[in-house]
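Data first, discussion second: the structure below is written as structure tokens.
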């Protein structure tokens, strides 16, 4: 398991180099996924039949590609991936979700993506989301964020300033995935307060919060690799990304992303009865 | 309102011409939508504040384009569109949903598309779904169906043969949109029986049933324009598309699409207590 540790100090130019590496690596790994999309796949079941958690060849191909690229360029860095676990390193750790939204992927849908973040011991300092089918790439360093399609020039993205729940659009993958009864009840309270709730998003929800087309993104029971790549994008676009208690979201759990701090506090207040203690 | 009437007899070559026209027209109308996607939009609210039903400029631009193209090529045909109502015709009626999945569209998401079907008085005989952002086009004539991306050669698509609910993947936009309590309860029964349920699909769910990546597509409270373009695709790919009572789905309501007749009957049996009488 990845754990919090001393923060590794990184200069601005190093951070920029890490982000550029992440963009290039994510695109290259995405190419390894694409031949598997909408094709018959070899399905494993990690939970031994107790659940449905498909592991695709695309997942493994992409993570293998990323591990190879990271090892070649930054051999001292650690790597945590969904498929192949943790390789300890010097305090900087690349965190990989080769296909976030595996169930969407398996169903032929488009709302999935590759996530790659770099954790400095305290927080992810650069993050990338890439969807190879649509060739959409989001990137952020916690201060700025960009969107780029194909070979288009990257454009800066900003969150929206929606300041009240009754004007807000909320996205979540599926409320039933929130692990506790209290959490689902709190979610229902929040959904009742917002203007529009959309299901079925996975990583796209957070990309849309960063781009200012949604105001709130919420999921329950996440892992570190589900969020590390997304947090620097949302924060870089001007948003807020915490767990439901208002603390760090970078190890996953029940998380909330918002376009701005005012709306974030409104949503946290509603979610409070659902916080796991 | 569009009503059932005498079936207009159409030859095979006429049908093929209608389908080719529909492909070309859908692509051209899709281009009219694209400049509006992920841009600030002028939002109307059809329900006068009682609900949230955004009408976008993209919607209007696409429907206007389609009406102009149909009027020029087939001036005797009728036209029914979501935005501009019914123009009566000679018994053949083009049915337009310029953006199916308006809420997804407004949220910046990808699961939306333009739908165009041709109703012969009894059923839609050709149908097209086009997503201009991904350049994906699905087309069907009730006997065959094809998928095409961009300028790629169209490939024939087939539904999946999954024969039992416990192996099936189900897609729906949002169970809360099913209009009756009994309908939602019946849906919950069905969801409990399937292997995997995915939310947030709109027209993409039915495209994925046709392509064999989902087994069941279900929605409640639909309009004719929500389904006319999709039915010839699903049926053309080997699937079944009815309302929950097993009758014609082409006027909308609570609908079910399945990859095959065996699975369809299994699902209808579970949904039976939710049928509106």
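Residue numbers (our numbering), protein chains in the order written: chain A, 103 to 379; chain B, 103 to 379. Using N, Cα and C, we set each Cβ at its ideal position, and we do this for glycine too. All of these numbers come straight from a predicted model, not from anything done at the bench.
Minimum Cβ-Cβ distance from residue i to chain A less than 8 Å
i	result
residue 261/B	no
residue 287/B	no
residue 273/B	yes
residue 276/B	yes
residue 231/B	no
residue 364/B	no
Outcome for residue i when other beta-carbon atoms lying within 10 angstroms are tallied against a minimum of 16
i	result
residue 192/A	exposed
residue 190/A	exposed
residue 178/B	exposed
residue 292/A	buried
residue 330/B	buried
residue 131/B	buried
residue 115/A	exposed
residue 310/A	buried
residue 279/B	exposed
residue 328/A	buried
residue 367/B	exposed
residue 187/A	exposed
residue 254/A	exposed
Start and end residues, beta strand (DSSP E) containing residue i
i	result
residue 187/B	187-189
residue 358/B	355-360
residue 181/B	180-183
residue 342/A	342-345
residue 299/B	298-301
residue 251/B	247-251
residue 321/B	318-324
residue 219/B	215-221
residue 77/A	The requested residue 77/A is not part of the displayed model; chain A covers only 103 to 379.
residue 372/A	No beta strand (DSSP E) holds residue 372/A; the alpha helix (DSSP H) holding it covers 363-373.
residue 195/B	195-202
residue 239/A	238-242
Under 7 Å by beta carbon: chain A residues contacting residue i
i	result
residue 212/B	212, 213 and 236
residue 169/B	Those do not exist, as residue 169/B stays about 28 Å from chain A at its closest Cβ, beyond 7 Å.
residue 381/B	In this structure chain B extends from 103 to 379, so residue 381/B is not present and cannot be described.
Residue i - containing alpha helix (DSSP H), residue span
i	result
residue 333/A	333-338
residue 122/A	114-135
residue 271/B	First-last for residue 271/B: 271-274, but that is the beta strand (DSSP E), not the alpha helix (DSSP H).
residue 159/B	159-175
residue 307/B	305-313
residue 288/A	283-295
Contact set between residue i and chain A, taken where Cβ atoms lie within less than 8 Å
i	result
residue 303/B	211 and 302
residue 140/B	313 and 315
Residue i versus the options, residue with shortest Cα-Cα distance
i	options	result
residue 230/A	301/A, 357/A and 201/A	201/A
residue 238/B	244/B, 342/B, 249/B and 296/B	249/B
residue 216/B	294/B, 198/B and 227/B	198/B
residue 160/B	280/B, 361/B and 184/B	184/B
residue 267/B	340/B, 377/B and 362/B	362/B
residue 218/A	263/A, 252/A, 257/A and 172/A	172/A
residue 297/B	327/B, 323/B, 338/B and 265/B	265/B
residue 376/A	338/A, 281/A, 295/A and 256/A	281/A
residue 288/A	225/A, 378/A and 128/A	378/A
residue 290/A	339/A, 304/A and 320/A	320/A
residue 306/A	352/B, 126/B and 210/B	210/B
residue 244/B	260/B, 273/B, 203/B and 354/B	260/B
residue 164/A	308/A, 134/A, 270/A and 117/A	134/A
residue 107/A	223/A, 314/A and 342/A	223/A
residue 214/B	304/B, 125/B and 308/B	304/B
residue 137/A	207/A, 337/A and 221/A	207/A
residue 233/B	212/A, 220/A and 181/A	212/A
Any C-beta of chain B under 8 Å from that of residue i
i	result
residue 315/A	yes
residue 330/A	no
residue 310/A	yes
residue 143/A	Confidence at residue 143/A is low in this model, with a pLDDT of 48, below 50, so the placement of that residue should be treated as unreliable; the coordinate-derived value is given next. Not an interface residue.
residue 290/A	no
residue 154/A	Confidence is the limiting factor: at residue 154/A the pLDDT is only 40, short of 50, which leaves the residue's position unreliable, though a coordinate-based value still follows. Cβ-Cβ to chain B under 8 Å: yes for residue 154/A.
Under 9 Å from the C-beta of residue i: neighbouring residues of chain B
i	result
residue 269/A	Ordered by position in chain B, no residue passes the 9 Å Cβ test against residue 269/A, which lies about 11 Å from the chain.
Interface partners of residue i on chain B, CB under 7 Å
i	result
residue 306/A	211
Closer than 8 Å to chain D by CB, residue i
i	result
residue 336/A	The structure shown contains no chain D; its protein chains are A and B.
Closer than 7 Å: residue i CB and nearest the ligand ADP heavy atom
i	result
residue 341/A	With respect to the ligand ADP, the structure offers nothing, as it holds no ligand at all.
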